[in-house]
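Undergrad: All the letters of the sequence shown, read from the start, carry residue numbers 1 to 479 under the UniProt record's numbering. The C-beta atom is built at its ideal place from N, Cα and C for all residues, glycine as well. Values in this document were obtained by computation on a predicted structure and should not be read as measured data. Let me begin by handing over the structure; questions about it come next.
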Amino acid sequence: MTQTTEKLSTHVSVKEAEMAEVLAKIVRDKYQWVEARKQAQPLEEFKAALTNSDRSFYEALSGEQTVFITECKKASPSKGLIRDDFDLDYIASVYNNHANAISVLTDEKYFQGDFEFLPKVRSIAKQPILCKDFMVDTYQVYLARHYSADAILLMLSVLNDEEYQALAEVAHSLNMGVLTEVSNEEELHRAVALNAKVIGINNRNLRDLSTDLNRTKELAPLIRELAPNAIVISESGIYTHQQVRDLSTFADGFLIGSSLMAEKNLELAVRKVTLGENKVCGLTHSDDAAKAYQAGAVFGGLIFVEASKRHVDIEAARLTMSGVPLNYVGVFQNHSVADVAHTVSELGLFAVQLHGDESQAYVDELKQSLPESVEIWKAYGVSCDAESALPELLESNVTRHLLDTKVGSQTGGTGQAFDWSLINNQSAIMLAGGLNPENANQAAKLGCLGLDLNSGVESAPGKKDADKLQRAFAAIRNY
Numbered sequence: 001m002t003q004t005t006e007k008l009s010t011h012v013s014v015k016e017a018e019m020a021e022v023l024a025k026i027v028r029d030k031y032q033w034v035e036a037r038k039q040a041q042p043l044e045e046f047k048a049a050l051t052n053s054d055r056s057f058y059e060a061l062s063g064e065q066t067v068f069i070t071e072c073k074k075a076s077p078s079k080g081l082i083r084d085d086f087d088l089d090y091i092a093s094v095y096n097n098h099a100n101a102i103s104v105l106t107d108e109k110y111f112q113g114d115f116e117f118l119p120k121v122r123s124i125a126k127q128p129i130l131c132k133d134f135m136v137d138t139y140q141v142y143l144a145r146h147y148s149a150d151a152i153l154l155m156l157s158v159l160n161d162e163e164y165q166a167l168a169e170v171a172h173s174l175n176m177g178v179l180t181e182v183s184n185e186e187e188l189h190r191a192v193a194l195n196a197k198v199i200g201i202n203n204r205n206l207r208d209l210s211t212d213l214n215r216t217k218e219l220a221p222l223i224r225e226l227a228p229n230a231i232v233i234s235e236s237g238i239y240t241h242q243q244v245r246d247l248s249t250f251a252d253g254f255l256i257g258s259s260l261m262a263e264k265n266l267e268l269a270v271r272k273v274t275l276g277e278n279k280v281c282g283l284t285h286s287d288d289a290a291k292a293y294q295a296g297a298v299f300g301g302l303i304f305v306e307a308s309k310r311h312v313d314i315e316a317a318r319l320t321m322s323g324v325p326l327n328y329v330g331v332f333q334n335h336s337v338a339d340v341a342h343t344v345s346e347l348g349l350f351a352v353q354l355h356g357d358e359s360q361a362y363v364d365e366l367k368q369s370l371p372e373s374v375e376i377w378k379a380y381g382v383s384c385d386a387e388s389a390l391p392e393l394l395e396s397n398v399t400r401h402l403l404d405t406k407v408g409s410q411t412g413g414t415g416q417a418f419d420w421s422l423i424n425n426q427s428a429i430m431l432a433g434g435l436n437p438e439n440a441n442q443a444a445k446l447g448c449l450g451l452d453l454n455s456g457v458e459s460a461p462g463k464k465d466a467d468k469l470q471r472a473f474a475a476i477r478n479y
């Protein structure tokens, strides 16, 4: 154990030394846990009955598209309790729809994990299950397989090369995969020399628990150079789809845990990080809302502008929303503050989207009239022949800005796109106007918060087309 303590506490500040000691203590405690578990559950009682894994971790992470390992994590030393309502049935059922592999924390003392979580998740989800723990003894590998894990995490910050090889050999003998975690260049070189097939770059500094996504940008090119066939996974500190897009040119995939576990609505949280915060607008019927939700939308748009072909009143909106758990956004145009506030109150809208000439003073007044949790979005028309500047954006009380195509006096619903090169990585921008299955992939690369789809995914005004929606979201996911 001296080696681990020394490795973690070389040339560090007082704070870093304290964190290094915490990590060293976790590993010391793990050795004690292993000895106690060996007594309570001897290896000879279950080793002979072990069968090889039939879910390939390595195959699950191969392929052209960016992959996601989503994590079941109740607590952590740095954040404490992350998810109070730790319903594994719900968590596994959500991850089953999105993940390439699922990570399960099994450390009891520091992460409130349990080996019993492994078979529970595996019985619900179809993906390979990764046992995430501080592995220091081959006994733990056998134990993980006994509880039906298909892969294990091995941390080079904790293991020397000889220990790593012993644990990896047992895993591979049981057809289990190995996620080899590195946190610096020295560990990266070791991982390459050890022929690691999947290398996870931990963006978290193990000495002070801070995160720096540039670590992936710094280390991934070196892995590409030294081990071009290795699969590179970026771990820790991933919260947004924009971060995923930014790092996807460096990494093959992502391991995401805490940021998802902290969100009450896990389904929408996974969509946000894997697909972006996309909206399908102009919903007029609950069937269309269901099609949008099934395709991958986070937001559903309800248009309360009477001149629109997709206009709904409060009762029609209520029926459209019924039973479909999107975050609903009401679209208004030069309505009175009282009208907007009344509609929000009646329907419990997530946000209001202003599509008219609303001023900053109007927005400020509206903010005072709405529940604090209700967001205000502001749409701006961009002429389809605009060549230079985007409209000036309002400065306060607007959660996000939406850029839509303007044709003549009409903004929105034109079916046309403006010149997207005018957008310079506007991270608080939603993009609308002329979006369809053919250009959704290109639009999604621009770095916006999300896309706002409407006429391009319809068979007729106000009638959403399930096939077009599915193709549009498949195009968005194709990165």
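Which whole-angstrom value is the C-beta distance of residue 314 and residue 346, which I expect to be below 8 angstroms?
TA: Residue 314 to residue 346, Cβ: 5 angstroms. Contact.
Undergrad: With contact counted as at least three CB pairs below 8 angstroms, one residue from each stretch, are the segment 145-155 and the segment 52-63 in contact?
TA: At 8 angstroms Cβ cutoff, the stretches touch.
Undergrad: Locate the beta strand (DSSP E) running through residue 123, then write down its first and last residues.
TA: Run containing residue 123: none in the beta strand (DSSP E); it sits in the alpha helix (DSSP H), 117-124.
Undergrad: Quick one, which of 433, 105, 132 and 277 has its alpha-carbon nearest residue 427's?
TA: Ranking 433, 105, 132 and 277 by Cα distance to residue 427 puts 277 first.
Undergrad: Could you check which residue in 309, 463 and 334 has the C-alpha nearest to that of residue 291?
TA: Selected option, being the one with the closest Cα: 463.
Undergrad: Can you say whether residue 195 is buried or exposed, counting buried as having 16 or more other CB atoms within 10 angstroms of its CB?
TA: Classification for residue 195: exposed.
Undergrad: Over what stretch of residues does the beta strand (DSSP E) that includes residue 132 continue unbroken?
TA: First-last of the beta strand (DSSP E) with residue 132: 129-132.
Undergrad: Quick check on this structure: which residue in 311, 349 and 407 has the alpha carbon closest to the alpha carbon of residue 322?
TA: If we check each option's Cα against that of residue 322, 349 comes out closest.
Undergrad: One question on the structure: do residue 305 and residue 333 come within less than 7 angstroms of each other, judged by their Cβ atoms?
TA: Yes. Within cutoff.
Undergrad: Pull up the DSSP beta-bridge partners for residue 265, would you.
TA: According to DSSP, which records beta bridges pairwise, residue 265 is partnered with nothing at all.
Undergrad: Do residue 30 and residue 134 have their C-beta atoms within less than 7 angstroms of each other?
TA: Result yes, Cβ atoms of residue 30 and residue 134 sit closer than 7 angstroms.
Undergrad: For residue 254, tell me which candidate among 218, 213 and 281 has the shortest Cα-Cα distance.
TA: Selected option, being the one with the closest Cα: 213.
Undergrad: Take the Cβ of residue 459 as the centre, count every other Cβ of all protein chains shown within 10 Å, and call the residue buried at 16 or more, exposed below.
TA: Looking at its Cβ environment, which holds fewer than 16 other Cβ atoms inside 10 Å, residue 459 is exposed.
Undergrad: Closest to residue 222 by C-alpha separation, out of 256, 236 and 182, would be which residue?
TA: Out of 256, 236 and 182, 182 has the C-alpha closest to the C-alpha of residue 222.
Undergrad: Have a look at the DSSP bridge pairing and note the partners of residue 350.
TA: The partner list for residue 350 (beta bridge, DSSP) is empty, contrary to what the question assumes.
Undergrad: Distance check for residue 297 and residue 143, CA to CA, integer angstroms please.
TA: Spanning the two alpha carbons is a distance of roughly 40 angstroms.
Undergrad: Pull the bridge partners of residue 68 from the DSSP assignment, please.
TA: Looking at the DSSP assignment, residue 68 forms a beta bridge with 254.
Undergrad: Report back the beta-carbon spacing between residue 398 and residue 377 to the nearest angstrom; my notes put them in contact at under 8 angstroms.
TA: Rounded, the Cβ-Cβ distance is 7 angstroms, consistent with contact.
Undergrad: Enumerate in chain order the residues of its own chain whose CB-to-CB distance from residue 450 is below 6 angstroms, with the five nearest sequence positions on each side excluded.
TA: Excluding positions up to five away in sequence, the list reads 276, 277, 278 and 430.
Undergrad: Let's see if you can read the secondary structure: which residues bound the alpha helix (DSSP H) around residue 163?
TA: Counting along the chain, the alpha helix (DSSP H) containing residue 163 begins and ends at 161-173.
Undergrad: Where does residue 1 sit, in a helix, a strand or coil, going by DSSP?
TA: Since pLDDT at residue 1 reaches only 42, below the 50 mark, its modelled position is unreliable, and the value read off the structure follows with that caveat. It is coil, neither helix nor strand.
Undergrad: So residue 473 is in the alpha helix (DSSP H); what residue range does that whole segment cover?
TA: Run containing residue 473: 466-477, per the alpha helix (DSSP H) assignment.
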